[in-house]
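Just below is one structure, and these are the notes that go with it.
Number of protein chains: 2
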Amino acid sequence: MTRNAVVTDWGRRASQYLAKIASISEPGAGVTRLPFTNEHRRALAEITGWMQTANLEVHLDAAGTLIGRSKAPKSAPTLLMGSHQDSVRHGGAFDGIMGVALPILALERLEQEGQRLPFAVEVLAFADEEGVRFPTALIGPRALAGSLDPAVLEMCDAEGTSLRQAMLDFGLAPDKIGTLRRDPATVIGYLETHIEQGPVLESAGQALGVVTAICGIERHQVRFRGVTGHAGTLPMEGRRDALVGAAGLVTEVNRLAHANKTLRATVGTLTALPGVVNAVPADVRLSVELRAPDDLVREQAGQALHTIAKTIANSHGLDLNIARSYHQPAQPCDEALTIHLQAALQATGSQGLRLASGATHDASALADLCPVAMMFVRCRDGVSHAPQEYASADDLGSAIDALCKFLTALANKSPS
Amino acid sequence: MTRNAVVTDWGRRASQYLAKIASISEPGAGVTRLPFTNEHRRALAEITGWMQTANLEVHLDAAGTLIGRSKAPKSAPTLLMGSHQDSVRHGGAFDGIMGVALPILALERLEQEGQRLPFAVEVLAFADEEGVRFPTALIGPRALAGSLDPAVLEMCDAEGTSLRQAMLDFGLAPDKIGTLRRDPATVIGYLETHIEQGPVLESAGQALGVVTAICGIERHQVRFRGVTGHAGTLPMEGRRDALVGAAGLVTEVNRLAHANKTLRATVGTLTALPGVVNAVPADVRLSVELRAPDDLVREQAGQALHTIAKTIANSHGLDLNIARSYHQPAQPCDEALTIHLQAALQATGSQGLRLASGATHDASALADLCPVAMMFVRCRDGVSHAPQEYASADDLGSAIDALCKFLTALANKSPS
Chain Y
202 MTRNAVVTDW
212 GRRASQYLAK
222 IASISEPGAG
232 VTRLPFTNEH
242 RRALAEITGW
252 MQTANLEVHL
262 DAAGTLIGRS
272 KAPKSAPTLL
282 MGSHQDSVRH
292 GGAFDGIMGV
302 ALPILALERL
312 EQEGQRLPFA
322 VEVLAFADEE
332 GVRFPTALIG
342 PRALAGSLDP
352 AVLEMCDAEG
362 TSLRQAMLDF
372 GLAPDKIGTL
382 RRDPATVIGY
392 LETHIEQGPV
402 LESAGQALGV
412 VTAICGIERH
422 QVRFRGVTGH
432 AGTLPMEGRR
442 DALVGAAGLV
452 TEVNRLAHAN
462 KTLRATVGTL
472 TALPGVVNAV
482 PADVRLSVEL
492 RAPDDLVREQ
502 AGQALHTIAK
512 TIANSHGLDL
522 NIARSYHQPA
532 QPCDEALTIH
542 LQAALQATGS
552 QGLRLASGAT
562 HDASALADLC
572 PVAMMFVRCR
582 DGVSHAPQEY
592 ASADDLGSAI
602 DALCKFLTAL
612 ANKSPS
Chain A
202 MTRNAVVTDW
212 GRRASQYLAK
222 IASISEPGAG
232 VTRLPFTNEH
242 RRALAEITGW
252 MQTANLEVHL
262 DAAGTLIGRS
272 KAPKSAPTLL
282 MGSHQDSVRH
292 GGAFDGIMGV
302 ALPILALERL
312 EQEGQRLPFA
322 VEVLAFADEE
332 GVRFPTALIG
342 PRALAGSLDP
352 AVLEMCDAEG
362 TSLRQAMLDF
372 GLAPDKIGTL
382 RRDPATVIGY
392 LETHIEQGPV
402 LESAGQALGV
412 VTAICGIERH
422 QVRFRGVTGH
432 AGTLPMEGRR
442 DALVGAAGLV
452 TEVNRLAHAN
462 KTLRATVGTL
472 TALPGVVNAV
482 PADVRLSVEL
492 RAPDDLVREQ
502 AGQALHTIAK
512 TIANSHGLDL
522 NIARSYHQPA
532 QPCDEALTIH
542 LQAALQATGS
552 QGLRLASGAT
562 HDASALADLC
572 PVAMMFVRCR
582 DGVSHAPQEY
592 ASADDLGSAI
602 DALCKFLTAL
612 ANKSPS
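If you read the protein sequences in the order shown, they are chains Y and A. Going left to right, the first sequence walks through residues 202 to 617 as my numbering numbers them. Going left to right, the second sequence walks through residues 202 to 617 as my numbering numbers them.
In structure tokens, the structure reads:
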């Protein structure tokens, strides 16, 4: 086979894997595969088959992470790869699971090509990254990093089943999670492959990209309160219209993000009361979410948001409540590992385009354990978390190719 | 008694009347008195007492309007006065019913003072102006004007009772409404007294004002549709955020009204979907209501609204649906009658301030029959349709004084 035919062939294998496991889903449109369910169990059986085909040794850890390890001495330094098996409700066939399938296929390809690696590789299929079933997530990577708060085991799903009980029912050992913590000295790093979930690679005509950082996030709850009144009898002069104030804030939040290349700012929710056609709105609540790969940029934007909201409230005679309700710092990827990944992409003919990840991933939790890097794969129209989510077999093949080059190039370096 | 003591005394009578009838209400905060109910029946008994005290002859017409007529030949030209007995849910003690009580007391005062009028006066207590129980209103004045569409009798309330059945159960004769039509040649005009429901008189330090016109109304339903996406992964560039577009429209609608002294413009409702904190809004619906005393001003604003919405949709890549869902032309008050009313106000020491009515009133339906004029009474903080609605006894007394001067001055003119 020519070089391109090899890439095409492995891409086709990946597409077949993903199509098959996409059928392991609750009924309904797209893929719905929640953690510690029958669908999860059936998915693990499928992934176990992939891992065994790649000659990996398979076991399920106490936190529900399925681990396929290449044959290597127990003391060998270990490179971690992988992503999550679960999906959102009515999600797609790529988010998460693609990052499990591709490294398994890359290892199978290297095995077939007779390439030996001087380090162990473990491919990890985490149970729960999306946080759909329980109001928590990232149990598997946090267990490895030793950062899991055991209190989350008491959180319950919508049926009232605790996370602990769900894990016990699944045959896991939630009380042994503490033993899973890895010694950072034994871990080379973690490389996660994920669909981009955005349109940047597609716009740039690139199949693959290198992630510079996982953006930090902050969310603010804003409430403007004014005075209602009859839309016919209340003169414009002196109105204290909470929606007019809120509209000004939506405009300014958008302007703020457009003025800063790396900031994303979104008003996702807005409700106006009393909400009748002929009454001035007196009570408007809205949410503002800010994301940036640089915490300083994000925090300055958060401060600007508060200043803007106060100015608007003053000029419209409104009472203002504004509070930051959530924040999560940015997680920069490891620069050395990222440069190494970029070189691997470039060896496949890719530009090695660098971009930030606006969404959170398992890598953000594993960064507490080891250097992390991420590769993004182009997805059609930037769509994710929807049945239409799609990455082409050719792009999957290119990603496997880049992973192989990453591994063989790493083999030629002295691993840290 | 001195002049002021007389005014004070009659104002106190009016306050007592209004406090008493306010107790005829469904349970709950404020006044809830809906048409063709037990509360309506008890209110009619109370108003009948007021009318009889003023030496008026009382009857209930086929449409449920209680009519108190001064003793005069059947063929005498007739001046109509009055307003409505019903309230909104949890409304106040003044809206509507005050315009019934004050002319009755004015006629009682003239009677006591021995003033004879060369025309008949009828005080009308209409059943339903608010349109809370049935999806229609103004049955009484439309019956007099001959403009009632009998089809509305088939409209049902929330319990499924038709308006016809409710009227029959109340002892009325809905099928005889056609006979209520008055001959315009016999009617001098209609004068309605109402609380302002706005803050203009209070700001100007005036107890009373003269209405120039009842504003025309138009309502538009606007829908912007864009594309949703993950608030973290979707770059700002190229977003099609329906809420950013809608916010721009809210701002422009407000600007439009501030740029025109007589226009009132309100976005009363706004909903944004999918409505989650980390997703770009893709579907926003909002309502725009425009009111002006001049139809041309209002219609030009409506056209400007459509132009602005299209410009916003184009610049944000949004699909736009916009439609005018309702309109009602402005109803100018009769200039001769209004000048006469203004002179009466000025004779009481009032400035006779002229202002438009942003809300609709029974007078708008009676304008199809005869010349109409309206007097507004100052209300506290501009609040109406709420339990806090309030007009002072002094202001009620001033209004009665102005009504007496209006009637006696009209008696000295040759009625049309």
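Idealized CB from N, CA, C, for every residue including glycine.
Item to complete: Return helix, strand or coil for C357(A), following the three-state DSSP convention.
Response: Within the second sequence, residue 357(A) is the residue found at index 156, counting from 1. Looking at C357(A) - three-state DSSP - the assignment turns out to be strand.
Worksheet entry | Own chain partners of V289(A) with C-beta closer than 6 Å, once the 5 adjacent residues on each side are dropped | Locating residue 289(A) in the second sequence gives position 88, where the first residue counts as 1. Within the same chain, V289(A) has close Cβ partners E331, V333 and H586.
Discussion item. Tell me which residues of the stretch 444–455 of chain Y have at least one Cβ-Cβ distance to chain A shorter than 7 Å, keeping chain order.
Written reply: L444, V445, A448, G449, V451, T452 and N455
Worksheet item: G292(Y): which of V478(Y), K275(Y) and V584(Y) sits nearest, CA to CA?
Response: Counting from one through the first sequence, the residue named residue 292(Y) turns up at place 91. Nearest option by C-alpha distance: V584(Y).
Discussion item. So with CB distances below 7 Å, who are the chain Y contacts of L435(A)?
Written reply: Against the second sequence, residue 435(A) aligns to sequence position 234. Within 7 Å Cβ-Cβ: G399 and G583.
Worksheet item: Is it right to say N522(Y) is buried, meaning 16 or more other beta carbons lie within 10 angstroms of its own, or is it exposed?
Response: Counted from its first residue, the first sequence places residue 522(Y) at position 321. Result: exposed.
Discussion item. Using a Cβ distance threshold of 8 Å, determine whether the stretch 245–255 of chain Y contacts the stretch 215–230 of chain Y, with at least three qualifying pairs required.
Written reply: yes
Worksheet item: What is the C-beta distance between F607(Y) and H541(Y), in whole angstroms, given that I count them as a contact (C-beta under 8 Å)?
Response: Position 406 of the first sequence, counted from the start, is the residue given in the question as residue 607(Y). Position 340 of the first sequence, counted from the start, is the residue given in the question as residue 541(Y). Right, the Cβ-Cβ distance comes to about 7 Å (below 8 Å), so this counts as a contact.
Discussion item. Using the Cβ count rule (16 or more neighbours within 10 Å means buried), how would you classify A338(A)?
Written reply: To locate residue 338(A), count along the second sequence from 1; it is residue 137. So A338(A) counts as buried.
Worksheet item: With distances taken from CA atoms, which of A592(A), T512(A) and A460(A) is nearest G297(A)?
Response: Counting from 1 along the second sequence, the entry for residue 297(A) is found at position 96. Answer by Cα proximity: A592(A).
Worksheet item: What residues from chain Y crowd round S488(A), counting only those whose CB sits closer than 8 Å?
Response: Locating residue 488(A) in the second sequence gives position 287, where the first residue counts as 1. Those within 8 Å of S488(A) in chain Y are V478.
Discussion item. Strictly below 7 Å CB to CB, what residues from chain Y border C534(A)?
Written reply: The residue labelled residue 534(A) in the question sits at position 333 within the second sequence. Within chain Y, no residue comes near C534(A); the closest Cβ sits about 16 Å away, beyond 7 Å.
Discussion item. Only counting the same chain, and skipping five residues up and downstream in sequence, which positions put a Cβ closer than 7 Å to that of D627(Y)?
Written reply: Because chain Y is modelled from 202 through 617, residue 627(Y) falls outside the range shown and cannot be assessed.
Worksheet entry | The alpha helix (DSSP H) enclosing E536(A), as first and last residue numbers | Residue numbering aside, residue 536(A) sits at position 335 when the second sequence is read from its first letter. Run containing E536(A): E536 to A548, per the alpha helix (DSSP H) assignment.
Fill in: Bridge-paired residues (DSSP) for P533(A)
Walking along the second sequence from the start, residue 533(A) turns up at place 332. In the DSSP output, where bridge partners are listed per residue, P533(A) has A414(A).
Practice prompt. Rounded to whole angstroms, what's the CA-CA distance from L604(Y) to A545(Y)? Just pull it up for me.
Written response: Taking the first residue of the first sequence as position 1, residue 604(Y) is located at position 403. Taking the first residue of the first sequence as position 1, residue 545(Y) is located at position 344. If you take the alpha carbons of L604(Y) and A545(Y), they lie about 7 Å apart.
Item to complete: Taking only runs that begin and end inside the stretch 465–530 of chain A, name each unbroken beta strand (DSSP E) of 3 or more residues, in chain order.
Response: 465–474, 484–493 and 520–529
Fill in: Cβ contact check for the stretch 571–584 of chain Y and the stretch 410–430 of chain Y: 3 or more pairs under 8 Å
yes
Worksheet item: If we cut at 8 Å on Cβ distances, does P274(Y) have a partner in chain A?
Response: Here residue 274(Y) is taken as the residue at index 73 of the first sequence, counted from 1. P274(Y) does not count as touching chain A.
Practice prompt. Report yes if the CB atom of R486(A) is closer than 8 Å to the CB atom of V445(A), and no otherwise.
Written response: Here residue 486(A) is taken as the residue at index 285 of the second sequence, counted from 1. Here residue 445(A) is taken as the residue at index 244 of the second sequence, counted from 1. Contact: no.
Worksheet item: In three-state DSSP terms, what is E393(Y)?
Response: On the first sequence, residue 393(Y) is found 192 positions in, with the first residue counted as 1. DSSP places E393(Y) in strand when its eight states are reduced to three.
Worksheet entry | Residue from V322(A), S516(A), V454(A) and Q313(A) whose Cα sits closest to the Cα of P304(A) | Residue mapping note: residue 304(A) aligns to position 103 of the second sequence, counting from 1. Ranking V322(A), S516(A), V454(A) and Q313(A) by Cα distance to P304(A) puts V322(A) first.
Discussion item. On the criterion of 16 or more Cβ atoms from any shown chain inside 10 Å, does Y527(Y) qualify as buried, or is it exposed?
Written reply: Sequence index remark: in the first sequence, residue 527(Y) carries index 326 (1-based). Counting Cβ neighbours within 10 Å, Y527(Y) comes out exposed, since fewer than 16 surround it.
Practice prompt. Can you have a look at S271(A) and say buried or exposed, based on whether 16 or more other CB atoms are within 10 angstroms of its CB?
Written response: In the second sequence, the residue the question calls residue 271(A) occupies position 70. Buried is the call here.
Worksheet item: What distance in whole Å lies between the Cβ atoms of R343(A) and A566(A), which are believed to be in contact at a cut-off of 8 Å?
Response: Residue mapping note: residue 566(A) aligns to position 365 of the second sequence, counting from 1. Residue mapping note: residue 343(A) aligns to position 142 of the second sequence, counting from 1. Yes, they are in contact, since the Cβ atoms of A566(A) and R343(A) sit about 5 Å apart, within 8 Å.
Worksheet item: With which residues is T279(A) paired in a DSSP beta bridge?
Response: Counting from 1 along the second sequence, the entry for residue 279(A) is found at position 78. Beta-bridge pairing links T279(A) to A321(A) and V388(A).
Item to complete: Could you tell me the boundaries of the beta strand (DSSP E) in which F577(A) lies?
Response: Residue mapping note: residue 577(A) aligns to position 376 of the second sequence, counting from 1. Run containing F577(A): V573 to V578, per the beta strand (DSSP E) assignment.
Item to complete: Starting from the C-beta of M356(A), find all residues in its chain whose C-beta is less than 6 Å away, skip the five residues before and the five after it, and write them out in chain order.
Response: Here residue 356(A) refers to the residue found at position 155 when the second sequence is read from its first residue. Around M356(A): F335, P336, T337 and L364.
Item to complete: Please say whether A594(A) and G283(A) have beta carbons closer to each other than 8 Å?
Response: Here residue 283(A) refers to the residue found at position 82 of the second sequence. Here residue 594(A) refers to the residue found at position 393 of the second sequence. For G283(A) and A594(A), no; Cβs fall outside 8 Å.
Worksheet item: If we ignore side chains and look at the alpha-carbon of each, how far apart do V388(A) and V477(Y) end up?
Response: Taking the second sequence and counting its residues from 1, one reaches residue 388(A) at position 187. Taking the first sequence and counting its residues from 1, one reaches residue 477(Y) at position 276. Their backbone Cα atoms lie some 38 Å apart in a straight line.
Discussion item. Helix, strand or coil for A230(Y)? Go by DSSP, reduced to three states.
Written reply: Working through the first sequence from its first residue, we reach residue 230(Y) at position 29. Three-state DSSP puts A230(Y) in coil, outside helix and strand.
Fill in: Short CB-CB distance (under 8 Å) between P616(A) and chain Y
In the second sequence, counting from the first residue as 1, residue 616(A) sits at position 415. Confidence at P616(A) is low in this model, with a pLDDT of 46, below 50, so its placement is unreliable and the value that follows should be read with caution. No, P616(A) lies away from the interface with chain Y (no Cβ there is under 8 Å from its Cβ).
Fill in: DSSP state of R213(Y) mapped onto helix, strand, coil
As a working note, residue 213(Y) is residue 12 in the first sequence. If DSSP states are grouped into helix, strand and coil, R213(Y) belongs with the helices.
Worksheet item: Using a beta-carbon distance below 8 Å, is R343(Y) in contact with chain A?
Response: For the purposes of this step, residue 343(Y) is taken as residue 142 along the first sequence, with counting starting at 1. Not an interface residue.
Worksheet item: What residue from D496(A), V208(A) and S488(A) has the CA that sits closest to R310(A)'s CA?
Response: Taking the first residue of the second sequence as position 1, residue 310(A) is located at position 109. Closest option to R310(A), Cα to Cα, is V208(A).
Worksheet entry | Assigned secondary structure, Q313(A) (DSSP; H/G/I helix, E/B strand, else coil) | Indexing the second sequence from 1 puts residue 313(A) at position 112. The answer is helix: DSSP assigns Q313(A) an H, G or I state.
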